[in-house]
Amino acid sequence: MGEKVASFTGVKGFVMVAWGYPKNFGVVELGPNLFQFNIPNHEDRESILEEGPWVIDNQVLVLNRWKEGIEGDVEAFKMAPLWVQVWNLPVHWISKEVGRKIGAVFKEVKDVIIPQMGGKEGRHLKMFVTVDLSKPLLRGTIVKTEGTMIWVAFKHERCPDFCYNCGFVGHGERTCTKQQEISGRNVDNQFGPWLRAGTVKGTPQTKQTKTNMDKNKRYWKFLNGELVERV
Ligand SMILES: [Zn+2]
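If you want it as structure tokens, here you go:
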């Protein structure tokens, strides 16, 4: 989804590779940025729906199970799966349980992992959540425990392009229709590149899928009209 319109061949090429060439796969373009994928193999289909996010040219490919009328359901295509990192947590709060609680600010928490990375990376949590793209990206939330309140910051992994003015995914500042709030005070820049997680070394490999999907090939971009892997 987004203001950039993805080409049929681009999308087809992307999903073929990212989804590991599913058997008897078919794709139909139903409209601008609206595609119908036909994946007859049950296992392939389920893992593709479970896995994600699928990010093509910095735009998130939102998948929905086919049902009558789904192509007109604008809301359904605004629910995107994304990995969100949680920073600023005191070390003793880093647990799956806390992750699930914090994740309640999202539409759904599918998974929480505690990355085992030391050093400069610092300790943080990672949540696999369903993000409602009809709202601005969340910058963080306040966590209350034992009388203390702290602000935890969210960083989005492989973050799709979003507007640094209003925080919505799908357009940039130049085409933003939301008026910058003008007040006597300086306007805080609420949204910016800090909502993106840094280069991720090693993708979150939580479980091995049965199919031959290549998780490392799920992020692509266009370069001079060619589809190339995004490292
Ligand atoms: Zn905007």
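All the letters of the sequence shown, read from the start, carry residue numbers 1 to 231 under the UniProt record's numbering. Glycine included, each C-beta is placed from N, C-alpha and C at the ideal position.
#### Entry: Beta-carbon contacts of alanine 76 that lie in its chain and below 7 angstroms, excluding the five residues immediately before and after
Asn64, Ile70
### Query
With a CB to CB cut of under 6 angstroms and the five nearest residues on each side skipped, what residues in its chain are close to isoleucine 150?
Val143
### Task
Can you check DSSP and say which residues form a bridge with proline 81?
Thr130
### Query
Does the Cβ of asparagine 165 lie closer than 7 angstroms to at least one heavy atom of ligand 1?
yes
### Query
Heavy atom of ligand 1 less than 7 angstroms from the Cβ of cysteine 176, yes or no?
yes
### Query
Of all the options Val129, Val105, Ala80, Arg123, which has the alpha carbon lying nearest to the alpha carbon of glycine 170?
Ala80
#### Entry: Contacts around valine 109, its chain only, beta-carbon distance under 7 angstroms, and the 5 residues preceding and following it disregarded
Arg100, Gly103, Met127, Val129
### Query
By DSSP, does valine 60 sit in helix, in strand, or in coil?
strand
### Query
Would the C-beta of residue 235 count as close to ligand 1, meaning under 7 angstroms from any of its heavy atoms?
Here the chain has residues from 1 to 231 only, and residue 235 is not among them.
### Message
Along the chain, where does the beta strand (DSSP E) containing valine 138 start, and where does it finish?
### Response
The sequence shown places leucine at residue 138, rather than the valine named in the question. Counting along the chain, leucine 138 falls outside any beta strand (DSSP E), and DSSP gives it neither H nor E.
### Task
From the DSSP output, read off the bridge partner residues of histidine 156.
Val84, Arg196
### Query
Run through DSSP, which three-state label would valine 105 get?
helix
### Task
Measure the alpha-carbon distance for valine 15 versus phenylalanine 25 and round it to whole angstroms.
10 angstroms
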